[in-house]
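Visitor: I'd like to ask some things about the structure below.
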Amino acid sequence: MSEVLILFDLLPELSDQQVAELVNEGNTDAFVELTARYMGLIRGKASAFRGVPIETEDLCQEGLLGLLHAAHSYKASGSASFKTYAGVCIYHQMVTACRSALSRKNLPLHNFVSFYDAEQDESWTASVLSDQIANPETLLIDRENLEGLRARINQSLSKMEQEVLFLYLNGCTYQEIAHKQAVSVKAVDNAIQRVRKKLKNPF
């Protein structure tokens, strides 16, 4: 059995922090594992927003970006656990998306409400993730959904669209992606919009 297959079999036994470290190294199986673990939390945070001109599924996508940012930027030497840090990154990414959407539509920022309590976030995050551990069927379904999404990425997206998507998921700006791909910023934006349409309702 290859080292890669052994690692894949061991992923469910690793801690969130260990899986995040593998994500940071570019391991796609670890990406599937970590996302499956946190999709319940991402959905929960997305559903807490009201009065925003952005769909819940799009907020889930933003939450996924926040999770990936957490995986790439988490420092084990800090005082916060990875779960707490990821929860904050996910929420902040969603807030940023809401602010951008409101700004584009020239709507006041007080138009949106998030039922989020920073003081309770750590316990709430732990509660949601504990519920997933207590219900392995939910986690299995999320893993299967993410495996399906990865298959759709490989089957539906062109090589250029896949490259743009993974650069975007790794936190690159449109300008940085355009520079890396040697294309215009407009071409990057068009590629992202095509990806969103092709992968509609991925969660």
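Quick note: to get my numbering, add 1 to the position in the sequence shown (first position is 1).
Heads up, the beta-carbon is just placed ideally off N, CA and C, and yes, glycines get one too.
(1) Quick check on L68: buried or exposed, where buried means 16 or more other Cβ atoms within 10 Å of its Cβ?
(2) Can you give me the Cβ contacts of L158 inside the same chain, cut-off strictly under 7 angstroms, excluding the 5 residues immediately before and after it?
(3) I think E34 touches L12, with their Cβ atoms under 8 angstroms apart; what is that distance to the nearest whole Å?
(4) Among V20, S48, G41, which has the Cα closest to the Cα of H73?
(5) Run through DSSP, which three-state label would H169 get?
(6) Between I55 and A98, which are expected to be in contact by the criterion C-beta below 8 angstroms, what is the C-beta distance as a whole number of angstroms?
(7) Quick one: Cα of L103 to Cα of D59, how far?
(8) Tell me the DSSP secondary structure of E138 in three-state form.
(9) Looking at G64: is its Cβ nearer than 8 angstroms to the Cβ of A49?
(10) Hey, could you find the ends of the alpha helix (DSSP H) N191 is sitting in?
(11) Our contact map puts Q176 next to V184 with C-beta atoms below 8 angstroms; I'd like the distance itself, whole angstroms only.
(12) Could you tell me the distance, in whole angstroms, from the CA atom of G79 to the CA atom of K160?
(13) How is G41 classed by DSSP in three states: helix, strand or coil?
(14) Between the C-alpha atoms of G1 and I154, what's the straight-line distance to the nearest angstrom?
(15) Are the CB atoms of A188 and E162 within a distance shorter than 8 angstroms?
(16) Expressed to the nearest angstrom, what Euclidean distance is found between the alpha-carbon atoms of E14 and Y169?
Guide: This is what the structure gives:
(1) buried
(2) L166, V196, K199
(3) 4 angstroms
(4) V20
(5) Here residue 169 turns out to be Tyr, not His, going by the sequence shown. DSSP places Y169 in helix when its eight states are reduced to three.
(6) 6 angstroms
(7) 14 angstroms
(8) In this predicted model, E138 has a pLDDT of only 49, less than 50, meaning its place in the structure is not dependable; the value taken from the coordinates is given anyway. In the structure shown, E138 sits in a helix (DSSP, three-state: H, G or I).
(9) no
(10) 186-199
(11) Q176 to V184, Cβ: 11 angstroms. No contact.
(12) 38 angstroms
(13) helix
(14) Nothing can be reported for residue 1, as the shown portion of the chain is limited to 2 through 204.
(15) no
(16) 29 angstroms
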